[in-house]
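Chains as they are written, first to last, in numbering that gives the first Met the number 0: chain F, 0 to 455; chain G, 0 to 455.
One structure below.
There are 2 protein chains.
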Amino acid sequence: MIKPRTPPGVMELLPRDQIAFQRMLDTIRRTFEGFGFLPIETPVFELSDTLLTKSGGETERQVYFVQSTGALEKAAEGLPELALRFDLTVPLARYVAEHEHDLAFPFRRYQMQRVYRGERAQRGRFREFYQCDIDVIGKDSLSPRYDAEVPAVISAVFAALDIGEFTIQLNHRKLLRGYFEGQGIDDTRQMTVLREIDKLDKRGEDAVRATLTGEEFGLSDEVAERLLAFSRVRSTGHDDALAKLDALGAGTELFEEGRNELRELLGQLRALGVPESRYALNLSIARGLDYYTGMVYETILDAHPQIGSICSGGRYDNLASHYTRSKLPGVGISIGLTRLFWQLREAGLVATADSSVDVLVTLLDDASLPDALALSQRLRGSGLNVETQLEPRKLAKQMQYADRAGIRFVVIRGEDEIAKGVVAVKDLRRGEQFEVADDDLARTLLVEREQARSMP
Amino acid sequence: MIKPRTPPGVMELLPRDQIAFQRMLDTIRRTFEGFGFLPIETPVFELSDTLLTKSGGETERQVYFVQSTGALEKAAEGLPELALRFDLTVPLARYVAEHEHDLAFPFRRYQMQRVYRGERAQRGRFREFYQCDIDVIGKDSLSPRYDAEVPAVISAVFAALDIGEFTIQLNHRKLLRGYFEGQGIDDTRQMTVLREIDKLDKRGEDAVRATLTGEEFGLSDEVAERLLAFSRVRSTGHDDALAKLDALGAGTELFEEGRNELRELLGQLRALGVPESRYALNLSIARGLDYYTGMVYETILDAHPQIGSICSGGRYDNLASHYTRSKLPGVGISIGLTRLFWQLREAGLVATADSSVDVLVTLLDDASLPDALALSQRLRGSGLNVETQLEPRKLAKQMQYADRAGIRFVVIRGEDEIAKGVVAVKDLRRGEQFEVADDDLARTLLVEREQARSMP
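The following block contains the structure:
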C-alpha cells in the first residue's frame, strides 16, 4: 500500500473549487476571444535546445527535464532531449517562427496552459501553474495602437472576474530611459540604475537614494532626487494622467516618443470606454530590465495591494530572434491564474462555487426509475445539468446530499405529483418549495438559473 | 539561430484547427456536465512511486520521468522523483484515495487533460494526447444502474459532436466468463482463451480456431466453435438485443448475472431515450483482460469502422487498491480526443473552423479610430467577438484579410454611413452586403450568428 500524495508545489482542487477555478478560466477565455484573440496550445514539453536558448539565468536553473525510460536507462550524456515549458512566451516564439508562413500578422493569440518551474517548495509558490496570456505579434513592425487594446482587455477581464476594484498601472520604457538620458545617465548605466529604482518597493526610498549617491553609481544628490521624484509620479483619473505627463517638462527625443505614445494610449482608452478609475500612471514600474522596450503594465487590486501585480506585461521589440531572422515586435500580458486563485482564496475573496449540477432528480422507489430517467433526460435536453438519484433513498437523505453538494434544485415526482401532472421543486438556495406543471419545469428552472447567474 | 521545431509525436494546431478542436472539447465538457459529472484536474506529473505501483508492463516502459536541473546535476541514484501521467485513471485513483474524506460517493467526475506516453514516433501515434474521461466511483458498492448512464453519455457526446452515425457496442465480462465457465473452461484458463478471442479482428477466425484447438489450449472442435459463435453475436435494434440474449440459452450463475445486468441496462437505455440504432450487443469485445469486471463498451463510427473504437470503457471492481483499503468500484469511459481529431481530419470529417472572431470593424482613416474603437467595444458588450482594424488600409485589403481569416462579418462605417446613422455590413459567408441602423447592429449580427450555429 502506498500513501496517496499529490506532488509538492502543485494546486489540486476539490470539485467545487475546481468549478470556481474553471469559471475564472472560462471568463478569461471569453474576454480574450471578445477582443479577437485566437487560441493556440503548445505541447507541455519543448526540445531542450529550443527551450534553453538563453545562457544560464535563474529561469534556466528551474527547468524540469523530461526523459523516457529508455533514455534514462542509457544514461545518455548531455542534456535530456525534452524539457517542460517554464512560460508561454518561449513556446510562442517557437510557434510563431515555426508557423510564420501560415499565420496572418499582426497575429493575435491567446494561450491558457500550465507552466512548470522547479521553485523551492514554499507556501504560495507553485511548481505547476496556469498562465493566461495574450500577445499581438507584428511582422517587421507593430503600431503602438495595439498597446492600447491591452489595458482594455485587462479592464474587461477583471471586471468580468468580479474580484473587486483594480488599477492598471502604466509606464513607458522610453519615457523612463529618455528621462534618465536627460539626467545625463548614459545607456550603459541606465540598466543598473533602473534595477535600483525597481527595488524601491522592497528596499524603501532612503536605501535606494543611498545606493544611487554612493560610490558605485556616484549620482549627485540632485539627480538622485529627480529620479526618485520621477518614480513617485502617480495619476488619479484621466485628466490628471495627461497633466502629470505635461508637468514632466521637456525631454530628450526618446522621452518625447514615450510621452506621445502614452498620450495616444490614454486617448484610445477613453475611446474604448475604459473607466478612468481603472488606469493610472505609475512611473516607478519597469517590468524586468531587458525584455520590454515600450509600454509596461502592472495591475493591482485596490483593496489588496499586498498581493502585488495580478496581470503584467508590455511591449517588446523582437519575439523570436533565436529562431528566425524576421523581426517580430509584440505586446502582451500574462495572468498567473493559479497563484491569483490561491491568493484570492487566502484573502477570502473567492467563494466555493455551487455545484455545476443544477438539478437532482430524486428517486423514491424502484418502480419510478424509468420515469426519473426520462425526466432527467428531458431537463438535459433544455440545457440543464442534471444528476439522477439511481437508487431509492429516504427523501431527507437525498435533500441533504443535494445541499452538501451545492446542487440548487431538487425535483420530486411522487404519486401525488404524477396524479396532478406536476413536479415538486425544492429550491435549496431560497429554501422554498413549489409545484410546477410538468411542461413548465425546464423553463422555470432555466429562468431561475439565469437570474441567479446575472445576480450573484 | 536555432531551427524552431515542435517535438516529435505531438499534435500542434494552427489557430483555426485549434478552434475546431476547442469546440469539440467544449461540447464534450458540456455533455459531461449535463449528466452531472464534476470537473477535476490533476497535476501533469505524479510522484514516481505513486504512479508506478504496478510491476513492469508495456505502459511503464513508456513512462516519461521528470527531473529538476538540480537532481540532474546530482545524478541521483534510483528513479527520478516525478513522472508524467500516462492516463487519467491512475491519477483518479490517487485523487480519490487522497481526498476520500472530502468527496461524496458515488463520486461522479470528469477530467479532460493531456497524458504522456513515450510511443515509438509514427504517423497517428502521439506522445502527448488529450483524454476526456468520466468515471463514477462508489464506496463499498456501486449499483449496476450507473453502468446504464454511461452509454447515454456516449450517445449524447457523439450526437453533439455531429461526426456521423455511431454504434455503442456492449458486452459484459460476467456473461463472457460465465459462458466460458459453462463450456468447462475454468477460471485460470479463461484469461488466456479470452486473450485469443480478443485477437479475432487481427488474426481472423481460422487462425484463432486453430490456436484454440491446438496443443496449448486443447479445446474440442465443438467447444471452440461454440466460443466463436458466441463471439460472433451482434444485435441490431433493441428487441433484437433482448432476443439475442434470450437465445444464448441457460448458463451458469455468473452468466445469468451478466445477462440480467445487460437486460436491465437495455431497459434503462430505452427510458433514457437513447436511439436504438446507437447501441448493439457485440459479444466479442473484452476491453483488456484484467481490469474490467462487468459491462464493457466500445464505440464505432458506422461509416468508418477502420478508425476503431472512439470511446471505450467499462466497469471495474476496485479503483485504488494500491492506495487505500476502501473498496472503490467504478464505471467509466475515455475518449482519446487528440487521436480522434487527427483521424477525423485525415478522413476529411472535420472542417477547418471559422474564426472565433465574429466581426472585423474596419478602419478607413486615422480620424475614425475613436469611432471604430467605440463601435467595437459596443459590439463586444453584446457578446460578439470583435477585431478592430487599428491602422487604415484599403478596404479591399481588409476584406481579403477577413475572408482568409474566416471572419464572417465586416463592418464599415464611412462618412456616408455616419451621415445616414447606419452601418454597412458585408456578410462574407453569404456574399451579401446590407445596411443596418446603428442601434440594430449588435442584435442583427447576434441573430445571424445564432442561426448559423444551429444550422451548421
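Even for Gly, the Cβ is constructed at its ideal location relative to N, Cα and C.
Query raised in the report: Whose CA, out of D146(F), V349(F), A366(F), Y178(F), lies closest to the CA of S283(F)?
Result: As a position in the first sequence, residue 283(F) is number 284, starting the count at 1. If we check each option's Cα against that of S283(F), Y178(F) comes out closest.
Are the CB atoms of V358(F) and V410(F) within a distance shorter than 8 Å? As a first step, residue 410(F) must be located in the first sequence, where it is residue number 411. As a first step, residue 358(F) must be located in the first sequence, where it is residue number 359. Against a cut-off of 8 Å, the Cβ pair of V358(F) and V410(F) comes out as a contact.
Element boundaries [beta strand (DSSP E), containing T166(G)] | If you number the second sequence from 1, residue 166(G) lands on position 167. First-last of the beta strand (DSSP E) with T166(G): 165-171.
query = With contact counted as at least three CB pairs below 8 Å, one residue from each stretch, are the region 120-129 of chain F and the region 4-23 of chain F in contact?
reply = yes
Identity of the residues DSSP links to L193(F) by a beta bridge
Looking up residue 193(F) in the first sequence gives position 194. The partner list for L193(F) (beta bridge, DSSP) is empty, contrary to what the question assumes.
- Task: Could you tell me whether the Cβ of T458(G) comes closer than 8 Å to any Cβ of chain F?
- Result: Chain G is shown only over 0 to 455; residue 458(G) falls outside these bounds and no answer can be derived.
message = Closer than 8 Å is the cut-off here; do at least three beta carbon pairs connect the region 111-119 of chain G with the region 82-91 of chain G?
response = yes
Excluding the 5 residues preceding and the 5 following K458(F) in the sequence, name in chain order all residues of the same chain whose CB lies nearer than 6 Å to its CB. Since the first residue of chain F shown is 0 and the last is 455, residue 458(F) is not available in this structure.
(Q) Under 9 Å, CB to CB, which of the residues in the region 102-116 of chain G have a partner in chain F? (A) Along the region 102-116 of chain G, the positions whose C-beta sits under 9 Å from a C-beta of chain F are L102, A103, P105, F106, R107, R108, R113, Y115, read in chain order.
Going straight from the alpha carbon of S355(G) to that of R428(G), what length do you get? Residue numbering aside, residue 355(G) sits at position 356 when the second sequence is read from its first letter. Residue numbering aside, residue 428(G) sits at position 429 when the second sequence is read from its first letter. Looking at the two C-alpha atoms, the distance is approximately 14 Å.
- [ ] With F31(F) as the anchor, note down where its alpha helix (DSSP H) starts and where it stops.
- [x] Locating residue 31(F) in the first sequence gives position 32, where the first residue counts as 1. Element bounds for F31(F): 14-33.
_Between which two residues does the beta strand (DSSP E) holding R113(G) run?_
Start at 1 with the first residue of the second sequence, and residue 113(G) comes out as number 114. It spans 106-115 - the beta strand (DSSP E) in which R113(G) sits, taken as one unbroken run.
Backbone CA spacing between P455(F) and G347(F) [nearest angstrom]:
On the first sequence, position 456 is the one that residue 455(F) refers to. On the first sequence, position 348 is the one that residue 347(F) refers to. Low confidence applies to P455(F): its pLDDT is 47, below 50, so where it sits in the model is not reliable, and the reading given next is rough at best. Answer to the nearest angstrom: the Cα atoms are 16 Å apart.
Q. Would Y278(G) be called buried (16 or more neighbouring beta carbons within 10 Å of its own) or exposed?
A. Here residue 278(G) refers to the residue found at position 279 when the second sequence is read from its first residue. Counting Cβ neighbours within 10 Å, Y278(G) comes out buried, since at least 16 surround it.
- Using DSSP with H/G/I as helix, E/B as strand and the rest coil, what is P38(F)? As a first step, residue 38(F) is located in the first sequence; it is residue number 39 there, counting from the start. Of the three classes helix, strand and coil, the one that applies to P38(F) here is strand, per DSSP.
(Q) Using the Cβ count rule (16 or more neighbours within 10 Å means buried), how would you classify V446(F)? (A) Translated into positions along the first sequence, residue 446(F) becomes position 447. Answer is exposed; the Cβ neighbour count stays below 16.
Q) Secondary structure at L83(G), three-state DSSP: helix, strand or coil? A) Here residue 83(G) corresponds to residue number 84 of the second sequence, with the count starting at 1. Residue state, collapsed to three classes: strand.
What residues are listed by DSSP as bridge partners for I136(G)? Taking the first residue of the second sequence as 1, we reach residue 136(G) at position 137. According to DSSP, I136(G) bridges with F106(G), G329(G).
Whole-angstrom distance between Y94(G) and R28(G), CA atom to CA atom:
Your numbering for residue 28(G) matches position 29 in the second sequence. Your numbering for residue 94(G) matches position 95 in the second sequence. Their Cα atoms are separated by approximately 20 Å.
Note to self: Would you say E390(F) lies against chain G (beta-carbon separation less than 8 Å)?
What the structure shows: Here residue 390(F) corresponds to residue number 391 of the first sequence, with the count starting at 1. Output row for E390(F): interface = yes.
query = Considering only residues of the region 305-389 of chain F, which uninterrupted beta strand (DSSP E) runs meet the minimum length of 3 residues and lie entirely inside it, listed in chain order?
reply = 311-315, 329-335, 358-360, 385-387
Query raised in the report: Whose C-alpha, out of L169(G), L378(G), E224(G), is nearest the C-alpha of L280(G)?
Result: As a working mapping, residue 280(G) is identified with position 281 in the second sequence. The candidate whose alpha carbon is nearest that of L280(G) is L169(G).
Check: chain G beta carbons: is any one of them nearer than 8 Å to that of E11(F)?
Finding: Walking along the first sequence from the start, residue 11(F) turns up at place 12. Judged by the 8 Å Cβ criterion, E11(F) is in contact with chain G.
Any idea what DSSP makes of Y278(G), helix, strand or coil?
-> On the second sequence, residue 278(G) is found 279 positions in, with the first residue counted as 1. Of the three classes helix, strand and coil, the one that applies to Y278(G) here is strand, per DSSP.
* **Other residues of its chain near A401(G): CB distance less than 7 Å, five sequence neighbours each side excluded** => Position 402 of the second sequence holds residue 401(G). Once the five neighbours on either side are set aside, the close Cβ partners of A401(G) are L359, V409, L427.
Beta-carbon of T88(G) versus every beta-carbon of chain F: anything under 8 Å? Start at 1 with the first residue of the second sequence, and residue 88(G) comes out as number 89. So, not an interface residue.
| query | So does M0(F) have its beta carbon nearer than 7 Å to some heavy atom of the ligand PLP? | reply | With respect to the ligand PLP, the structure shown offers nothing to examine, as it has no ligands at all.
### Message
List, in chain order, every chain F residue whose beta-carbon is nearer than 9 Å to that of D364(G).
### Response
To locate residue 364(G), count along the second sequence from 1; it is residue 365. Per Cβ cutoff of 9 Å: no residues; D364(G) is ~14 Å from chain F at best.
- Query: By a C-beta neighbour count over all protein chains shown, 10 Å radius and 16 as the cutoff for buried, is Q432(G) buried or exposed?
  - Reply: Along the second sequence, one-based indexing puts residue 432(G) at 433. Burial call: exposed.
Q) At which residues does the alpha helix (DSSP H) containing T49(F) begin and terminate? A) Taking the first residue of the first sequence as 1, we reach residue 49(F) at position 50. Counting along the chain, the alpha helix (DSSP H) containing T49(F) begins and ends at 47-50.
Closer than 7 Å at the beta carbon, the chain G residues around I39(F): If you number the first sequence from 1, residue 39(F) lands on position 40. By Cβ distance, chain G contributes P14, Q17.
Practice prompt. Go ahead and label Q450(F) buried or exposed: buried means 16 or more other beta carbons lie within 10 angstroms of its beta carbon, across all protein chains shown.
Written response: One-based indexing of the first sequence puts residue 450(F) at position 451. Under this definition Q450(F) is an exposed residue.
- Got a sec? Which residues, its chain only, sit under 8 Å from E256(F) by beta carbon, not counting five neighbours each side? Within the first sequence, the letter at position 257 stands for residue 256(F). Excluding positions up to five away in sequence, the list reads K173, G177.
Candidates D48(F), T187(F), L264(F), G293(F): which alpha carbon is nearest G77(F)'s? Stepping through the first sequence from its first residue, residue 77(F) is reached at position 78. That would be D48(F), whose Cα lies nearest to the Cα of G77(F).
Best match in R122(G), L141(G), E204(G), E275(G) for proximity to G236(G) [C-alpha to C-alpha]: Counting from 1 along the second sequence, the entry for residue 236(G) is found at position 237. The residue with the shortest Cα to Cα distance from G236(G) is E275(G).
Discussion item. So E59(F) and L46(F) are supposed to be a Cβ contact under 8 Å. How far apart are they, rounded?
Written reply: The count along the first sequence starts at 1 and reaches residue 59(F) at position 60. The count along the first sequence starts at 1 and reaches residue 46(F) at position 47. Between L46(F) and E59(F) the Cβ distance is about 15 Å, and since that is not below 8 Å, they are no contact.
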